[in-house]
Amino acid sequence: MDKELKNLILSDLARLDIKSLPLFGTYSLPPQVRYLILWRKAAYYRKKGGFLRKWYGFWLDRAMDRTQITLPREVQAGSGIYIGHFGRLIIHPDVTLGNNINIATGVTIGQANRGERKGTPVIGNDVWIGTNAVIVGKITIGDDVMICPGAFVNTDVPSHSVVIGNPAVIHHRDNATESYINHRV
Numbered sequence: 019m020d021k022e023l024k025n026l027i028l029s030d031l032a033r034l035d036i037k038s039l040p041l042f043g044t045y046s047l048p049p050q051v052r053y054l055i056l057w058r059k060a061a062y063y064r065k066k067g068g069f070l071r072k073w074y075g076f077w078l079d080r081a082m083d084r085t086q087i088t089l090p091r092e093v094q095a096g097s098g099i100y101i102g103h104f105g106r107l108i109i110h111p112d113v114t115l116g117n118n119i120n121i122a123t124g125v126t127i128g129q130a131n132r133g134e135r136k137g138t139p140v141i142g143n144d145v146w147i148g149t150n151a152v153i154v155g156k157i158t159i160g161d162d163v164m165i166c167p168g169a170f171v172n173t174d175v176p177s178h179s180v181v182i183g184n185p186a187v188i189h190h191r192d193n194a195t196e197s198y199i200n201h202r203v
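Heads up, the sequence shown is in this note's numbering, so the first residue is 19 and it goes up one at a time.
Next comes the structure, spelled out in C-alpha cells:
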C-alpha cells in the first residue's frame, strides 16, 4: 500500500482513536469504517488506473448496496472523514469535502439542477453535519461549522457558524464544533 493511501486511511481511523491498521483484516471494525477504508482505496486507485481501479470499484459498488452509504469514489475529500453510523447517506460525486468532517446518518449532500446555485457544495474543514441534514447547490460551507440535524442548507455559510432549521438560519459562534469533532487530524 502506498504511503499516501495509508496516511489517508490512518487519518480516518485516528478520528476513532485507532492508531494503526488492524493486523488481521478489518472485520473487527464497524461497517461504516470498513466502508471508508474501501472507499479510500477505490478513490486512490481510480486515479492510478489498472486492475486495482476495477477491483476496488467493484467492491465499493457492492458495499454501497449493503451499507446504504453512497460516497462515490469521485468525491474529493481531505483527511479525517468520520461517518457516525452506517445507513442512508447520499453524497454527489462532484462534492468537495475538507479535513475533519463528521457526517451523521440520513445526510444528503447534493446538486441543485437550476438557478443561480446550480452545482454542488464545497465543504470546508472541521464541519459537523447532523442527522437528516440536506446540503444542496453550488454553495460554500466555511470552516468550523455545525449543521444541526434536519437543517436544509442551500446558501453559503461563513466560517464559525451554527446552521439551524429549514430554511437555514445561520448564527455566528466561535468554536462552533468544539466537543463535536474529536481527534482532529
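All C-beta atoms in this analysis are idealised placements derived from N, C-alpha and C, irrespective of residue type, glycine included.
> Looking at C-beta atoms only, is the number of pairs between the region 91 to 99 and the region 45 to 65 that lie closer than 8 Å three or more?
Replying inline: Yes: the two stretches touch, three or more of their Cβ pairs being nearer than 8 Å.
> Closest by CA to residue 116, which one among 179, 159, 153 and 173?
Replying inline: 159
> In angstroms, rounded to a whole number, what distance separates the CA positions of residue 100 and residue 113?
Replying inline: C-alpha separation (whole angstroms): 16 Å.
> Would the beta-carbon of residue 130 fall within 9 Å of that of residue 145?
Replying inline: no
> Does the Cβ of residue 192 have 16 or more other Cβ atoms within 10 Å, making it buried, or fewer, making it exposed?
Replying inline: exposed
> Below 9 Å between beta carbons: does that hold for residue 167 and residue 195?
Replying inline: no
>> residue 165 and residue 181 - do their beta-carbons sit closer together than 9 Å?
In response: Taking a C-beta distance under 9 Å as the contact criterion, residue 181 and residue 165 qualify as a contact pair.
>> Less than 9 Å between the beta carbons of residue 142 and residue 163, yes or no?
In response: yes
> At which residues does the beta strand (DSSP E) containing residue 164 begin and terminate?
Replying inline: 163 to 165
>> On the DSSP bridge list, what partners appear for residue 94?
In response: 114
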